[in-house]
Amino acid sequence: MTLKVGAAERHWQIQLYKQPGSETGPAEWVAKLAEVTPVKTTFIGETAEGAQYFQRGAWVTRLNTLFARQLTERAVRGIDTILSYDTQQIKEPSIPGSQDDPRMDFGGANALYFWELFYYMPMMVMQRFLQEERFDLAEQWLKYIFNPTGSTPRMWNVRPLEEDTSWNEAPLESLDPDAVAQNDPMHYKLNAFMRLLDITLGRGDAAYRKLERDTLSEAKVWYQRALRLLGDEPWIDPSTDWDDPQLGEVAAQQVLDDRLDALAMMAEGIRAEDVAKLRAMGPSRAVAGRTLFLPEANRMLLDYWEALRIRLYNLRHNLTLDGQPLNLPLYAAPADPKALWADAVAAEAGGANALPTIDNVPALRFIPLMEGARTMSHHILLFC
1 MTLKVGAAER
11 HWQIQLYKQP
21 GSETGPAEWV
31 AKLAEVTPVK
41 TTFIGETAEG
51 AQYFQRGAWV
61 TRLNTLFARQ
71 LTERAVRGID
81 TILSYDTQQI
91 KEPSIPGSQD
101 DPRMDFGGAN
111 ALYFWELFYY
121 MPMMVMQRFL
131 QEERFDLAEQ
141 WLKYIFNPTG
151 STPRMWNVRP
161 LEEDTSWNEA
171 PLESLDPDAV
181 AQNDPMHYKL
191 NAFMRLLDIT
201 LGRGDAAYRK
211 LERDTLSEAK
221 VWYQRALRLL
231 GDEPWIDPST
241 DWDDPQLGEV
251 AAQQVLDDRL
261 DALAMMAEGI
271 RAEDVAKLRA
281 MGPSRAVAGR
291 TLFLPEANRM
301 LLDYWEALRI
311 RLYNLRHNLT
321 LDGQPLNLPL
331 YAAPADPKAL
341 WADAVAAEAG
351 GANALPTIDN
361 VPALRFIPLM
371 EGARTMSHHI
381 LLFC
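For what it's worth, UniProt numbering labels the leading residue of the sequence shown as 1, then goes sequentially.
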């Protein structure tokens, strides 16, 4: 019970208990009234080190971060330093009532900024380079997130992705895809893996379109790399029958239990031919080899297997990327050094056959263009 006296509130506790009656009188009820001090369940606190936190019941959320200077120093050293996995191991002061790791907090009030720095920004840059078909730079930026070919056994360079190893049992009830993915980072891991497949396929297609024997061999290498990344295509038992059941039968509790057992065994890799060996384990296990409702297939992932199958078929049967007959000479026609020299002289004189000029070169493309110019100059000097 709460009573307000003036500007202050006073909290009282009332206890009722019954005293047994005597031989000559009835039982009596006794009430005790005592003032108590309320316990705060929601408040904002601060530790001696300056770490601020918000506590509501048993939930504690970190409100600030104290390593901004260290992040600035790492950013000055370069992109590789600020986006390294070691940066995400910076320690924070502990806060009371929290059992969380005192490292960089990807679940606190500043979590969105950490996600932007270590995941969203590298992924955005990678996607831009991928759209421009600059596959080397796209893969370089993707390695800040996912690098299956690195020297360390760790493939993921974003700490929440490295620490999350399985799908959540229940997805977050939200229409925001980023909120769902931050709650279950397996979504982000799958997205990064698919972007690596896009880069690998793009490299193979770019080499395929050059229509030279060396580049066709290079394209095959990229396609085989994509197949190794994908692994075996998902297997579906073709003998699964559809009995056209009634809704009441499907919704029966025993049937639902059987289906859950079936899905669990499918996840363990147990196929229909192994079910006979499990009949002695009970009626639930007897039907574990088949299920009415299979897990939903990821059509985007299945399309990668189909695309690779078509491309490798075209390569083996001497077809172009779009399936047209291909007739290649044994050796690619060499460039005429005299024509190259004449074009260079015409460029110096400003003639009609001058080499094409490039105006307004973006700063980000200067280094690739400079390397390309050096390579072309080296080839010309070989014929002089």
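Glycine residues also receive a C-beta, built at the ideal position from the N, C-alpha and C atoms.
Collapsed DSSP secondary structure at residue i in the structure displayed
i: residue 371; result: helix
i: residue 44; result: strand
i: residue 91; result: strand
i: residue 382; result: helix
i: residue 158; result: coil
i: residue 152; result: coil
i: residue 62; result: strand
i: residue 325; result: strand
i: residue 319; result: strand
i: residue 225; result: helix
i: residue 106; result: coil
i: residue 282; result: Confidence at residue 282 is low in this model, with a pLDDT of 47, below 50, so its placement is unreliable and no value can be given for it.
i: residue 74; result: helix
i: residue 140; result: helix
i: residue 246; result: coil
i: residue 308; result: helix
i: residue 85; result: coil
i: residue 195; result: helix
i: residue 56; result: strand
i: residue 114; result: helix
i: residue 67; result: coil
i: residue 289; result: Unreliable positioning characterises residue 289 in this predicted model, as indicated by a pLDDT of 40, which lies under 50. A coordinate reading is not provided.
Residues near residue i in its chain [Cβ-Cβ closer than 6 Å; skip 5 each side]
i: residue 51; result: 93, 95
i: residue 158; result: 118, 119, 145
i: residue 126; result: 138, 141, 142
i: residue 5; result: Reliability of the predicted coordinates at residue 5 is poor, the pLDDT of 46 falling under 50, and no value is obtained from them.
i: residue 79; result: none
i: residue 208; result: 219, 321
i: residue 42; result: 56
i: residue 46; result: 52
i: residue 300; result: none
Assigned exposure category for residue i - 16 Cβ within 10 Å defines buried
i: residue 257; result: exposed
i: residue 199; result: buried
i: residue 223; result: buried
i: residue 141; result: buried
i: residue 298; result: exposed
i: residue 48; result: exposed
i: residue 261; result: buried
i: residue 112; result: exposed
i: residue 156; result: buried
i: residue 331; result: exposed
i: residue 383; result: exposed
i: residue 65; result: buried
i: residue 161; result: buried
i: residue 123; result: buried
i: residue 328; result: exposed
i: residue 70; result: exposed
Chain-order list of residues whose beta-carbon lies under 7 Å from that of residue i (same chain, five-residue window excluded)
i: residue 114; result: 104, 106
i: residue 426; result: No information on residue 426 is available, as it lies outside the stretch 1 to 384 that the chain covers here.
i: residue 91; result: 102, 103
i: residue 385; result: The requested residue 385 is not part of the displayed model; the chain covers only 1 to 384.
i: residue 174; result: 180
i: residue 227; result: 308
i: residue 305; result: 230, 233
i: residue 225; result: 200
Own chain partners of residue i with C-beta closer than 8 Å, once the 5 adjacent residues on each side are dropped
i: residue 229; result: 148, 193, 196, 197, 200
i: residue 381; result: none
i: residue 133; result: 202, 206
i: residue 184; result: 164, 167, 168, 171, 172
i: residue 154; result: 85, 162
i: residue 82; result: 71, 74, 75, 117
Supposed contact pair residue j and residue i - C-beta distance, whole angstroms, cut 8 Å
i: residue 315; j: residue 211; result: The pair is not a contact, with the Cβ atoms about 12 Å apart (cut-off 8 Å).
i: residue 87; j: residue 77; result: At roughly 10 Å, the Cβ-Cβ gap does not stay under 8 Å, so residue 87 and residue 77 are not in contact.
i: residue 318; j: residue 312; result: 13 Å between Cβ atoms; not a contact.
*Say whether the region 185-192 touches the region 204-212, bearing in mind that this needs 3 or more beta-carbon pairs closer than 8 Å, one atom from each stretch.*
no
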